[in-house]
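Here's the structure, in structure tokens; my notes come after.
Number of protein chains: 2
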Amino acid sequence: MARIVMKFGGTSVANLDRIRHVAGLVAAEAEAGNEVAVVVSAMSGETNRLVAFVDALDADSNDGGAIEDEYDHIVASGEQVTSGLLAIALRRRGLKARSWLGWQIPLMTDFAYSKARISGIQSPAMDESLKSGTIGVVAGFQGITSDNRISTLGRGGSDTSAVAIAVALKADRCDIYTDVDGIYTTDPRIVKEARRLDRISFEEMLELASLGAKVLQTRSVELAMNNDLPIRVLTSMAEDGTPNPGTLVCNEVNDMEERVVSGVAYSRDEAQITLLALKDQPGMVAKVTAAMAQANVIVDMIVQGISRADNAANLTFTVGSRDLEKAIAALEAAKDEIGFEAIKSDDNVSKVSVVGIGMRSHTGVAQTMFEALADRNINVEVIATSEIKISVLIDSEYTELAVRALHAAFELEKA
Amino acid sequence: MARIVMKFGGTSVANLDRIRHVAGLVAAEAEAGNEVAVVVSAMSGETNRLVAFVDALDADSNDGGAIEDEYDHIVASGEQVTSGLLAIALRRRGLKARSWLGWQIPLMTDFAYSKARISGIQSPAMDESLKSGTIGVVAGFQGITSDNRISTLGRGGSDTSAVAIAVALKADRCDIYTDVDGIYTTDPRIVKEARRLDRISFEEMLELASLGAKVLQTRSVELAMNNDLPIRVLTSMAEDGTPNPGTLVCNEVNDMEERVVSGVAYSRDEAQITLLALKDQPGMVAKVTAAMAQANVIVDMIVQGISRADNAANLTFTVGSRDLEKAIAALEAAKDEIGFEAIKSDDNVSKVSVVGIGMRSHTGVAQTMFEALADRNINVEVIATSEIKISVLIDSEYTELAVRALHAAFELEKA
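The listed protein sequences correspond, in order, to chains A and B.
Numbering that gives the first Met the number 0 applies: residue 0 is where the first sequence begins, and numbers increase by one.
Numbering that gives the first Met the number 0 applies: residue 0 is where the second sequence begins, and numbers increase by one.
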């Protein structure tokens with residue numbers, strides 16, 4: 000017997016038929032003798048409906064203060080409805096079940112309404128309820144502040160609350176059900192030979208999550224890693240009875256090392272900025288990053304070089320494409336302070352990365368990567384590396400070609 | 000400065016424009032220097048949408064136990080949304096406001112989910128918040144049980160929770176906003192001379208409420224009467240700036256006595272049952288009422304008589320027309336036990352009543368009433384009286400005629 004937390008997102012509980020199907024998946028785990036807690040999102044579309052109400056009223060005037068506390072009070076109702084409906088669907092299958100809201104657990108958070116962080120979970124009542132064989136159906140995404148008001152965890156929050164609840168309940172595993180059946184070696188829409196991985200390490204998953212693979216939210220993976228809680232990613236769309244092994248995200252185990260590269264990730268939401276003819280003086284890079292930090296822009300890849308043309312120092316870095324305008328405005332404002340002649344920018348770039356914990360102990364990955372790109376005449380603008388990944392910035396139009404070339408070069412289609 | 004509780008039903012907060020309008024009404028009371036708490040229902044249609052979800056899942060099978068706890072958990076979300084939206088609309092008018100859920104007040108109830116009764120309200124936090132000039136926006140209809148789960152108060156529950164909160168907050172008055180502008184001498188759709196009453200006593204209002212005038216829920220009037228809390232009934236539909244005095248429901252005051260009859264009420268939802276040729280023995284009526292109580296049927300008017308035709312004892316009584324089939328089945332089942340020959344029934348009957356606390360000290364009301372009906376050849380089937388009302392059961396097709404005749408006979412069109 001194990002204790003399992005299962006998490007279902009909005010498309011998995013989109014309507015009553017999907018909720019009935021989810022009840023079947025939950026029933027199977029319970030009937031196998033496990034203690035089960037389920038974390039659910041709002042039915043898809045519901046949060047948007049509620050947010051539209053709030054936005055319309057919010058736009059009425061500039062009077063009054065912040066409204067994030069009431070925003071949370073309102074949108075948290077979406078998960079409240081789903082949790083009650085799933086509890087009913089489970090009872091109608093003859094199982095014991097009850098719903099839990101954030102304040103009933105309680106799941107305590109700070110006061111950062113609409114993007115709150117979990118500060119603690121005390122769940123003796125829920126623990127007891129699970130032990131008695133009652134399935135707990137938890138409204139995800141929500142908590143309670145110390146002054147007794149509802150808070151929500153912000154984007155991706157229900158993954159995070161599922162993992163946090165699993166940690167608090169000392170669960171053996173947290174199963175995240177989504178619309179894909181696991182973590183793939185790369186995006187199957189680009190590479191048809193892409194293969195589902197049986198296992199992946201937390202570290203690799205973190206690199207893949209932050210590199211643009213949208214399956215798991217970064218915060219939830221960090222939390223699982225810090226607490227050594229295995230996460231399984233699997234689909235909620237499988238027909239009853241179909242094998243649905245998914246991908247286990249867990250601590251590094253020995254056999255993982257044999258695989259040098261686990262996956263290829265890409266992101267199109269990148270923009271490149273180059274500052275030309277910089278005064279080459281100490282602290283110059285710090286001034287640039289300070290200007291970006293002040294403008295709330297995250298700098299990703301960064302490289303300093305000498306222009307071949309005029310032998311002046313240049314600095315190239317990348318930001319999210321949505322931040323490009325803001326970044327340029329901040330740089331223009333700090334032009335004298337930083338000391339450069341001109342700004343060049345380009346948001347027609349993509350970042351493509353290979354990730355694998357085997358890279359720690361294997362050499363030759365960079366060589367294989369750059370040869371594969373060179374063979375296709377793909378020019379690399381910027382390179383960034385970590386212990387377990389190599390990322391390159393390339394012209395966007397080569398994105399698919401680069402992903403396919405790298406997937407083939409590392410033979411990721413082979414088990 | 001007074002402390003006022005304002006209550007708005009579903010049609011008053013049906014959409015964002017109605018919510019903005021309500022915010023204007025609330026703002027006027029607050030800006031006049033009053034401490035204000037507002038109790039709101041779900042946006043109209045929302046509760047039905049949620050109940051439809053529950054009903055669909057509930058119909059899936061006969062397995063599992065009761066689901067009323069989850070029903071309450073789900074439908075309470077409707078009022079949660081409205082309370083947050085109104086708080087935002089108030090802030091956008093530059094006012095201080097915050098929402099309150101049943102569990103945040105807390106409004107304690109018993110465990111009768113979906114029809115819970117209020118067991119107590121401790122509201123020190125809300126009291127303090129109101130004193131600081133913050134408008135409290137309360138989700139109506141909901142409370143919390145002693146094991147920390149959401150309960151709802153059932154039909155008409157938000158009137159009752161508004162009055163209960165007003166009592167707990169020691170409010171000076173509870174204003175119930177509805178789609179009519181007060182309590183009328185009778186239904187204006189039937190009598191165009193019907194007149195809005197400035198004041199009406201609790202006792203009269205209770206008779207009118209239980210006699211079919213649907214403006215205020217009986218439980219809320221009882222609660223106000225027991226706590227001597229004046230209720231004002233007024234419309235939420237008035238344009239800004241229009242006088243909107245409504246009707247004050249309050250303890251009897253001297254000038255009320257001058258008015259013998261305050262109003263004429265009617266109800267078409269009546270059915271008449273006659274048991275023919277009863278064995279005339281002690282306890283016979285008790286056996287009938289016991290059979291009805293067991294079938295959960297409420298018996299209203301009751302009269303025992305001797306049939307002119309065969310000189311046998313007959314018993315005639317009325318039940319709600321929706322209960323007629325159930326009542327007849329229960330009587331048939333207890334036929335031997337009770338001892339009668341046949342059942343006659345008729346659901347083509349209406350109850351028409353005149354109500355007035357002046358009847359306590361004035362004679363001649365019955366005479367005026369029966370003369371007015373006799374003048375129009377309206378036959379009276381059953382009569383029932385209390386200290387402050389006389390009700391008659393008549394053939395349905397004379398309903399409007401009887402109401403108009405009585406309204407004219409008591410000169411209710413005159414102030």
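By construction, the Cβ of each residue, glycine as well, lies at the ideal position given by its N, Cα and C atoms.
Asked, Found
"Reduced DSSP category for Lys95 of chain A - H, G, I as helix; E, B as strand; rest coil", "coil"
"Completely contained beta strand (DSSP E) runs for the stretch 295-336 of chain A, where each covers 3 or more residues", "298-305, 312-319"
"Neighbour list for Asp158 of chain A in chain B, Cβ cutoff strictly below 7 angstroms", "By Cβ distance, chain B contributes nothing, its closest Cβ being about 22 angstroms from Asp158 of chain A, past 7 angstroms."
"For Ser118 of chain B and Ala58 of chain A, the rounded distance between their alpha carbons", "40 angstroms"
"Interface flag, Arg116 of chain A vs chain B, CB-CB below 8 angstroms", "no"
"Closer than 8 angstroms to chain B by CB, Val179 of chain A", "no"
"Bridge partner(s) assigned by DSSP for Met5 of chain A", "A:Val37, A:Asp174"
"Through-space distance from Ala193 of chain A to Thr185 of chain A, alpha-carbon basis", "6 angstroms"
"Under the three-state DSSP convention, the category Ser157 of chain B falls into", "helix"
"CA nearest to the CA of Ile3 of chain B, picked from B:Val166, B:Ile18, B:Arg198, B:Gly181", "B:Val166"
"Closer than 9 angstroms at the beta carbon, the chain A residues around Asp62 of chain B", "Arg90, Arg91, Arg92, Gly93, Leu94"
"Which of helix, strand or coil DSSP assigns to Thr234 of chain A", "strand"
"Per-residue DSSP class, three states only, for Asn225 of chain A", "helix"
"Neighbour-count burial assignment, Val252 of chain A, 16 or more Cβ in a 10 Å radius", "exposed"
"Sub-8 angstroms separation of Asp62 of chain B and Ser150 of chain B beta-carbons", "no"
"Chain-ordered neighbours of Val248 of chain B on chain E, where CB pairs are closer than 8 angstroms", "No chain E appears in the structure shown, which is made up of the protein chains A and B."
"is_contact[Glu69 of chain B, chain A] using C-beta, thresh 8 angstroms", "yes"
"For Ile104 of chain A and Val243 of chain A, the rounded distance between their alpha carbons", "Going by the sequence as given, residue 243 of chain A is Asn instead of Val. Their backbone Cα atoms lie some 30 angstroms apart in a straight line."
"Under 7 angstroms by beta carbon: chain B residues contacting Gly83 of chain A", "Glu69, His72, Ile73"
"Ser157 of chain A beta carbon less than 8 angstroms from that of Val37 of chain A", "no"
"Distance, Gly9 of chain A Cα to Arg267 of chain B Cα", "47 angstroms"
"Enclosing beta strand (DSSP E) for Asn347 of chain A [first to last residue]", "341-354"
"Through-space distance from Ser82 of chain A to Gly23 of chain A, alpha-carbon basis", "15 angstroms"
"Test item: CB-CB of Val248 of chain B and His361 of chain B under 8 angstroms", "no"
"C-beta atoms of Ala161 of chain B and Ile175 of chain B nearer than 8 angstroms", "yes"
"Nearest-angstrom beta carbon gap, Leu275 of chain B and Lys343 of chain B [assumed within contact, 8 angstroms]", "6 angstroms"
"Min CB distance Asp59 of chain B to chain A below 8 angstroms", "yes"
"Coil, strand or helix - Ser395 of chain B by DSSP", "helix"
"CB contact check: Ile87 of chain B to chain A, cutoff 8 angstroms", "yes"
"8 angstroms Cβ cutoff met for Val35 of chain B and Ala29 of chain B", "yes"
"Burial state of Gly262 of chain B, where buried means 16 or more other Cβ atoms lie within 10 Å", "buried"
"Where Thr185 of chain A falls: helix, strand or coil (DSSP)", "coil"
"Separation of Ala31 of chain B from Glu380 of chain B, as counted between CA atoms", "53 angstroms"
"Spatial neighbours of Gly240 of chain B in its chain, beta-carbon cut-off 7 angstroms, leaving aside the 5 residues before and after", "none"
"Euclidean distance between Cα positions of Ile143 of chain B and Leu152 of chain B", "10 angstroms"
"Cβ-Cβ distance between Leu196 of chain B and Glu221 of chain B below 8 angstroms", "no"
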